[in-house]
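Below you'll find the structure, written out as structure tokens, and then a few comments.
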Amino acid sequence: MFKTILVAIDGSEVSKKALEAAIDEAKIRSSRLNAVYVIETGGFESIPTDSASELIYSRFESVGQTALKEGEELAEKHNLQLNTFIKQGHAGEEILSLADEIKADLIVMGTKGKSNIDRMLIGSVTEYVISHCKVSTMVVRV
Numbered sequence: 001m002f003k004t005i006l007v008a009i010d011g012s013e014v015s016k017k018a019l020e021a022a023i024d025e026a027k028i029r030s031s032r033l034n035a036v037y038v039i040e041t042g043g044f045e046s047i048p049t050d051s052a053s054e055l056i057y058s059r060f061e062s063v064g065q066t067a068l069k070e071g072e073e074l075a076e077k078h079n080l081q082l083n084t085f086i087k088q089g090h091a092g093e094e095i096l097s098l099a100d101e102i103k104a105d106l107i108v109m110g111t112k113g114k115s116n117i118d119r120m121l122i123g124s125v126t127e128y129v130i131s132h133c134k135v136s137t138m139v140v141r142v
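According to the UniProt record's numbering, the stretch in the sequence shown is residues 1 to 142, in order.
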């Protein structure tokens with residue numbers, strides 16, 4: 001049923017559990033497995049200098065590359081290939097846009113993200129994706 005799976009990861013323990021669930025689904029269904037890390041750019045506009053925002057962006061990009069690399073290594077242990085993407089913008093919108101682009105029929109996410117703001121809002125990105133998504137979603141709890 002699910003030929004293409006997209007899992008949103010941010011390096012948190014919850015997103016690692018989401019990746020494990022996506023790997024399990026991909027193995028059962030012989031699905032293509034994809035992962036996305038989104039760099040939220042909303043806060044960059046308030047930073048006064050270009051060099052400061054570039055420094056912050058490169059730090060977020062580095063964190064994303066590390067999270068995706070760890071995901072690739074975990075998928076390889078299960079004899080799966082993980083296609084990875086780094087996007088920038090509103091996380092919920094970017095996840096949905098990529099899901100549409102790659103024709104994902106399942107999106108897997110954790111209940112809440114890595115940031116303190118996400119923790120306070122109890123998974124606002126996950127809530128956004130669920131309420132705007134046209135395909136099946138799996139929400140993983142820890």
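Glycine included, each C-beta is placed from N, C-alpha and C at the ideal position.
Computed from a predicted model, the values in this text were never measured in an experiment.
- Among the bridge pairs identified by DSSP, residue 6 is matched with 34, 107.
- Taking the Cβ atoms as the reference, residue 84 lies roughly 18 Å from residue 14, outside the contact range of under 8 Å.
- Selection 32, 31, 29, 95 evaluated against residue 39 yields 95 as nearest (Cα-Cα).
- For residue 68, the secondary structure class from DSSP, reduced to helix, strand or coil, is helix.
- The criterion of a C-beta distance shorter than 7 Å is satisfied by residue 31 and residue 2.
- Two segments are said to touch when three or more pairs of C-beta atoms, one from each, lie closer than 8 Å; by this definition the segment 4-19 touches the segment 100-108.
- DSSP places residue 17 inside the alpha helix (DSSP H), whose first and last residues are 13-29.
- Between residue 35 and residue 82, the C-beta spacing is below 7 Å.
- Take residue 63, set aside five residues on each side of it, and the residues of its chain with a beta-carbon closer than 7 Å to its own are 11, in chain order.
- DSSP places residue 84 inside the beta strand (DSSP E), whose first and last residues are 82-88.
- In this structure residue 52 is exposed. Its beta-carbon is surrounded by fewer than 16 other beta-carbon atoms within 10 angstroms.
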